[in-house]
Structure formats: C-alpha cells, structure tokens
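**Q** Start counting the sequence shown at 0; every next residue gets the next number (numbering that gives the first Met the number 0).
By construction, the Cβ of each residue, glycine as well, lies at the ideal position given by its N, Cα and C atoms.
Nothing here was measured: the structure is a model prediction, and the numbers come from that model.
Once you've had a glance at the structure underneath, I'll fire off some questions.
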Amino acid sequence: MFNLEQNDPELYDVLNREAEREESTLELIASENFTSKAVMEMAGGVMTNKYAEGYPGKRYYGGCEVVDEAENIARDRLKKLFGCEYANVQPHSGSQANMAVFMTFLEPGDTIMGLDLAHGGHLTHGSHVNFSGQLYKSVSYHISKTNGRVDFDEVFSLAKEHKPKLIICGGSAYPRFIEFEMFREVADTVGAHLMSDIAHPSGLVAAGVHPSPMQYCDIVTSTTHKTLRGPRGGIIMMGKDFENPWGKIAPKSGRIKLVSELIDSMVMPGVQGGPLMHIIAAKAVAFGEALRPDFKKYAKDIVSNAKVMAEEFLHLGYDLVSGGTDTHVLLIDLSNKDITGKHAENILGKAGIALNKNMVPFDRRSPFVTSGIRVGTPALTTRGMGETEMRKVVQWIDSAISDPDNDQLLTSIRSDVEALCSNFPIYEH
Ligand code: DSN
C-alpha cells in the first residue's frame, strides 16, 4: 500500500504545513494542546478499521476481542484517574457526551439551567442556537458584575423560580475553580440533578490541582483533548452510580435498574453508532500518561504559568475578568485598550501568536467582534515553557496590542516568536 506522501502529495503537503505552523507559532488557545507521539500513533493506527457497535463483551460485530481490551483499559484507567465508579469512553466529542446525558436525565421541554454562553458558558449548556436550547427550556445564570465570578444570588433565585430538572456547572471561559459544592447546595434546594462539564479543567482535576466534582455532581462530562492532553473526544463519568429514578424502560430488556445502563444505551444506540476504536485506544494511552507522577507536575506548571501571565498582564494595565485565574485560562477584557477582540486576534495571528477573541461578561459587542480575548497555557506548558517565556509572551502581546497597525513591529515579533519556538520543539526530537 502507498503511504500518504506517495498516494496524495497534495494532502501530504497540507499535513506538513500544519505541523510547521504548530511548531513555529505560540498556541494560546485555552482548549488546545499537543498530544504525545504515543497518543498520535494509536489515534492513527489500525483500530480505525474496526466496527464495534456495543460495549466490551456485548458487541454487534465479530472480531472485537482485541478492541474490547482497549476499551476496558480505557474505562479502568479513567475510573482510577478520577476516582469514579462509572466511565463511558465512547462519546465522539464533548457535545455528544452532553447530549447523551441530557437525553438520559431529561424529556424534551424540561428546564435546564447553565452558565450563559456570553458569560463563559458553552453552546451545549442551553444556547438557543444549539440542541440544548432548542429541545429544552433553557434558563441561564450569569457572572457577577462585582467580582467576575458566578453570581450565586442569581443562581439560587433563578433555580427557585424555574425549578430546573438539571443544573449544569462549568464552561469554556471561566478562569476560576468551578464551585461544585455551592452548585450542589442549589441543586438540593430545588431537587435538581447536577451535571458538571469539566472539559476545560479535567487535566487539572485529574492531577489534583483543581477540586474534583465527583462527590458533588450526579454526572460529569468532559472532553479528552484540552488540559487532559489526549486525542479529540468525549467521556462521561459518575462518582457513584445510582438507581434509575425515572422508571425509564429499555425497549427490549424491560426496566433499566441503574443510571449507568441508561447512559450506556443513550450513548449507543441513542446518540451514536459505531465507536471510534482508534480514538478510544488513544484515550487509554492518554489516561495512562495522566496517571504518571510527571503529569501532576505538568498540571501544576500549567496553573503557575497562567498565574505568571495574569500577574504580567495586570502589571501592564490589563483588566482580567475576576481579577486573575485559578486555572489554565485568562479572560481579558480589552475595553480599556482601544481594540476589539477580533482585531487583537487578527494582529496577534500575524505576529505568530494564536488565541481567540472571546466575549466578556456584559459585552456590548457581538460574538463575531467581542471586547475580549481568551488566553490559555496548556499547550505552551507542554512545550516546556516556563516563567521567563510567559513574561516574554505577554510583553509581545502587549506591544502588538498597543501598536496594532505597525506591520513592521508584528513582523519583528513574528521572528522573535519563531526563534523562541525553535528552542522548544514539540515533535521534532
Ligand atoms: N470550543 C471549545 C473551547 O474552545 O473552549 C469548547 O467546546
């Protein structure tokens, strides 16, 4: 068989140019990371060929005995990593993990409550442009104007007023620890189930540098490719399995006893068909890496790098939502800097610094323009960068934002960025 270079030179070139882009630019998108070569080897391996609808030992296809081992290892490692009783490693993405949970816990038209997307939530937490806001009645809570953190006065009062069946905590641009304990109190007050979506901080949770949701939340979802540094995908976990409280019926086998059984059947066949066995096996490799002691150090370094960046940005007069960070994320309000998030993203891209425009709480601009940017440290930390580099990067960002139309300056930063990146190769060695 031909390899990619011989078979499809056009796409071989595209692949190489993406590798070159990743090596030569600074990746500050908070949801991105660089997997190990081992994870990529598994994700690009022969298991992509296998159909395995069902679960280990109960498949709809023959020849699954080897991929069964991979899925069992993935589930066992995930349970050990997060100290949980139940794990499903099949969701193709975080959105599909969330969809399977909603379809398990809710009926169409039921009320859900999540953090407003414009305040740092996620599309699948009730946005009107997503299934979560279209199939369910969505109520959004917000960030407090005074401290930039979740406004629990509002959360309590909205919960009492709307009696949501499911409360969702977590988001995609929340720089602080997720307040699992507080959310549990709200959920208990109104008899709601509590779901946390830890897609962003899951690597930090696994390493013990962010509180764990397991004892507080009924159900936990995540992606595997952000701070957890695995292949692109989703997972569902429960600290403790519990009895199906809705009396839901399985189409063939009669009443289902446990919520775990409902979730399994909602992931497949409810939401998905054939699992991506190459990705499940690559998740297992990543979970194995995250169980090693050096991953704890990596997670600590992610957070200390973010804190250094926060300190440097504050020193340069930037307005950080919530005044800083506990995690890998900084959300920067550029309203006092005379530049939009969109413009900042564009000019920083020219300087070789990749980050994303982001709405800030109470933003008056649209999501296509925004008043803010989101900055994250997982990818730079994977490259081995530390305090000195973090300060340098913030200074480059500041120089570019302070003189955004100076193309010569952007070009000069770009060459400094390339020089720095060449000292911290990702895959070359
Ligand atoms: N798109 C992801 C992020 O950037 O945070 C969330 O799904």
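Cβ of Phe81 within 8 angstroms of Cβ of Met276?
**A** Cβ atoms of Phe81 and Met276: not closer than 8 angstroms.
**Q** Mind listing, in chain order, the residues whose beta carbon lies closer than 6 angstroms to a non-hydrogen atom of ligand 1?
**A** Per the Cβ criterion, the list is Ser30, Gly93, His121 and Ser171.
**Q** For a minimum of 4 consecutive residues, which ranges assigned as the alpha helix (DSSP H) are wholly contained in the segment 179-250?
**A** You should have 179-189 and 201-206.
**Q** For Asp318, does the three-state DSSP call read helix, strand or coil?
**A** Reduced to three states, the DSSP call for Asp318 is strand.
**Q** Pair every Cβ in the segment 51-58 with every Cβ in the segment 236-248, then say whether three or more of these pairs are closer than 8 angstroms.
**A** Short answer: they don't touch.
**Q** When we look at the beta-carbon of Met0 and count the other beta-carbons within 10 Å, is it buried (16 or more) or exposed?
**A** Classification for Met0: exposed.
**Q** Output yes or no for whether 8 angstroms exceeds the beta carbon distance between His327 and Ala29.
**A** Yes; because the gap between Cβ atoms is below 8 angstroms, this pair is in contact.
**Q** For Arg254, which three-state DSSP category applies?
**A** Of the three classes helix, strand and coil, the one that applies to Arg254 here is strand, per DSSP.
**Q** Please classify Arg183: is it buried, with 16 or more other beta-carbons within 10 angstroms of its beta-carbon, or exposed?
**A** So Arg183 counts as buried.
**Q** Please go through the same chain and pick out, in chain order, the residues whose beta-carbon is closer than 7 angstroms to the beta-carbon of Gln89, but skip the five residues on each side of it.
**A** Val266, Met267, Gln271, Pro274 and Ile279.
**Q** Using a threshold of 8 angstroms, state whether the C-beta atoms of Glu388 and Ser23 are closer than that.
**A** No, the pair does not count as a contact, with Cβ atoms beyond the cut-off.
**Q** What's the gap between the Cα of Pro292 and the Cα of Ala298?
**A** If you take the alpha carbons of Pro292 and Ala298, they lie about 10 angstroms apart.
**Q** With DSSP as the reference, label Glu388 as helix, strand or coil.
**A** Residue state, collapsed to three classes: helix.
**Q** If you draw a straight line from the alpha carbon of Cys63 to that of Leu25, how long is it in whole angstroms?
**A** Their backbone Cα atoms lie some 41 angstroms apart in a straight line.
**Q** Mind checking who Ile512 pairs with in its DSSP beta bridge?
**A** There is no way to answer for residue 512, as the model of the chain reaches only from 0 to 428.
**Q** Reducing DSSP to helix, strand and coil, say where Gly375 ends up.
**A** DSSP places Gly375 in strand when its eight states are reduced to three.
**Q** Tell me whether His209 is buried or exposed, calling it buried when 16 or more other Cβ atoms sit within 10 Å of its Cβ.
**A** That one is buried.
**Q** Per DSSP, Ile352 forms a beta bridge with which residues?
**A** Answer is Leu25, bridged to Ile352.
**Q** Whole angstroms are fine: how far does the CA of Phe286 sit from the CA of Ala37?
**A** Roughly 12 angstroms between the two C-alpha positions.
**Q** In three-state terms, what does DSSP make of Asp115?
**A** If DSSP states are grouped into helix, strand and coil, Asp115 belongs with coil.
**Q** Give the DSSP bridge partners of Ile490, in chain order.
**A** In this structure the chain extends from 0 to 428, so residue 490 is not present and cannot be described.
**Q** Using the Cβ count rule (16 or more neighbours within 10 Å means buried), how would you classify Ala305?
**A** That one is buried.
**Q** With DSSP collapsed to three states, give me the class of Thr110.
**A** Three-state result, Thr110: strand.
**Q** Could you pull the start and end residues of the alpha helix (DSSP H) that Ile453 belongs to?
**A** In this structure the chain extends from 0 to 428, so residue 453 is not present and cannot be described.
**Q** Kindly indicate if chain C contains any beta-carbon less than 8 angstroms away from that of Ile412.
**A** Of the protein chains in the structure, only one exists, and it is not chain C.
**Q** When the Cα atoms are used, what is the spatial distance from Tyr140 to Arg382?
**A** Approximately 36 angstroms between the Cα atoms of the pair.
**Q** Please determine, among Gly202, Lys162 and Arg175, the residue with the shortest C-alpha to C-alpha distance to Val185.
**A** Considering only alpha carbons, the answer is Lys162.
**Q** Rounded to whole angstroms, what's the CA-CA distance from Phe241 to Gly202? Just pull it up for me.
**A** Using only the alpha carbons, I get a separation of about 26 angstroms.
**Q** Rounded to the nearest angstrom, how far is the Cβ of Phe179 from that of Ile425, given a contact under 8 angstroms?
**A** No, Phe179 and Ile425 are not in contact; Cβ-Cβ is about 33 angstroms, not under 8 angstroms.
**Q** How big is the Cα-Cα spacing for Phe130 and Thr123?
**A** Cα-Cα distance, rounded: 7 angstroms.
**Q** Measuring CB atoms only, is the segment 210-229 touching the segment 337-355, in the sense that at least three cross pairs come out at less than 8 angstroms?
**A** Contact between the segment 210-229 and the segment 337-355 is absent, because fewer than three Cβ pairs lie under 8 angstroms.
**Q** Do Phe367 and Lys341 count as a contact pair if the criterion is CB distance below 8 angstroms?
**A** Contact flag set, yes.
**Q** Report the rounded CA-to-CA distance for Gly385 versus Asp325, giving the unit in angstroms.
**A** About 17 angstroms.
**Q** Looking only at C-alpha atoms, which of Glu84, Met46, Cys83 and Ser92 sits nearest to Glu70?
**A** For Glu70, the nearest C-alpha among the options comes from Met46.
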